[in-house]
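*Asks:* Below is a structure I'd like to ask you about.
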Amino acid sequence: MKPIVIYTKNFCPYCHSAKELLRRKGWTFTEIDVTMDSEGQKEMVRLSGGRKTVPQIFIGETHVGGCDDLYALDQSGKLDALVNG
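Structure representation (structure tokens):
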């Protein structure tokens, strides 16, 4: 299983939804809460190619994007292969 990293903010419903999908799949992930972390936010923006919204999700070296992107990958059947590939 590739490592999963998710950048979040504590008040974000999309972050909660993305984490719930990952938990339902039984996958562990590293959560980086950038609510009050300006350096973490800068790192997230840099790694995501300029995206400032949360969540930002990374699987291994692949930037998945946000919550909608994660769910789209799952619905297309490609999420499991990405994580387990």
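Be aware that the sequence shown starts at 183, since it is given in our numbering, and climbs by one per residue. Idealized CB from N, CA, C, for every residue including glycine.
1) Spatial neighbours of T217 within its chain, please: CB distance less than 7 Å, with the 5 preceding and 5 following residues excluded, ordered by chain position.
2) In the DSSP assignment, find the beta strand (DSSP E) that holds G247 and state where it starts and stops.
3) Mind checking which residues open and close the beta strand (DSSP E) that includes D219?
4) Under the three-state reduction of DSSP, which class applies to V227: helix, strand or coil?
5) So I214 and Y189 are in contact, right, with Cβ under 8 Å, and what is the actual spacing, rounded?
6) Is V325 helix, strand or coil when you go by DSSP?
7) What residues match up with T190 in a beta bridge as DSSP calls it?
8) On a Cα-Cα basis, can you pick out the residue from I241, G267, G222, M226 that is closest to L204?
*Replies:* Taking the coordinates as given:
1) K191, N192
2) 244-247
3) That residue, D219, is in no beta strand (DSSP E); it is neither H nor E in DSSP.
4) helix
5) 5 Å
6) Any question about residue 325 goes unanswered here, given that the chain covers just 183 to 267.
7) Per DSSP, D215.
8) I241
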